[in-house]
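**Q**
Numbering (the numbering used here), first residue to last: 171 to 365.
If you want it as structure tokens, here you go:
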């Protein structure tokens, strides 16, 4: 299948008879399941699943494609093993969880949640752990299908399950509406120093 010619249907219409009725709702406008190991939801004739990923090659391919979208001088993905090794090293951090969304045949998106620990404080609610949501990417042909939203929702549900005090992110202008739809609000300005 050519990704540049296929367009996923909107999220409100992607739930259909996934996996022969193995627990996937066929109710229109229902939320696609994102439970690990669940058969997933269907886009066209492809069941989409969200699952944790330690496959550095798949994550590297998505990251490369994302960079290529922003800077064509990067060139198309050709299976760069050195880059895949760098991604493998980056993935090897117990504070970091990366999920991918995909079908049996291809990976179509990813997101990352990195855990940070606050310095302990005697003040009520000032300590604890928090998460940084980053690296949300969905291949262009699958954008607008609800996959990005489900990756964000899955990440937030995981953070809630881990008891994080908050989840923060640094959105692009194009992604701000998506994050607001998922419950994120602007709280304060971030100051940045670059060398």
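A virtual CB, placed ideally from N, CA and C, is assigned to each residue, including glycine. Being a predicted model, the structure only gives us computed values, none of them experimental.
(1) With DSSP collapsed to three states, give me the class of residue 247.
(2) Enumerate in chain order the residues of its own chain whose CB-to-CB distance from residue 298 is below 8 Å, with the five nearest sequence positions on each side excluded.
(3) May I have the straight-line CA-CA distance separating residue 347 from residue 306, to the nearest angstrom?
(4) Taking 8 Å as the cut-off, decide whether the C-beta atoms of residue 281 and residue 303 are in contact.
(5) Consult DSSP for residue 233 and reduce its assignment to one of helix, strand or coil.
(6) If you measure between the beta carbons of residue 270 and residue 223, is that distance less than 8 Å?
(7) Just the Cα atoms here: how many angstroms apart are residue 294 and residue 300?
(8) Going by DSSP in three states, residue 361 sits in which element: helix, strand or coil?
(9) By the 10 Å Cβ neighbour count, where 16 or more other Cβ atoms means buried, how is residue 230 classified, buried or exposed?
(10) Count the other CB atoms, across all protein chains shown, that sit within 10 Å of the CB of residue 291; report buried if there are 16 or more and exposed otherwise.
**A** Answer, in terms of the structure:
(1) Residue state, collapsed to three classes: coil.
(2) Leaving aside the five residues that flank residue 298 on each side, the residues in its chain whose CB is nearer than 8 Å to its CB run, in chain order, 287, 288, 333, 334 and 335.
(3) Residue 347 and residue 306: Cα-Cα distance of roughly 14 Å.
(4) A contact, by the Cβ cut-off of 8 Å.
(5) Of the three classes helix, strand and coil, the one that applies to residue 233 here is helix, per DSSP.
(6) Contact: yes.
(7) Straight through space, the alpha carbons of residue 300 and residue 294 are spaced by roughly 15 Å.
(8) Residue 361 falls in the coil class under three-state DSSP.
(9) Residue 230 should be labelled buried.
(10) Per the 10 Å Cβ criterion, exposed.
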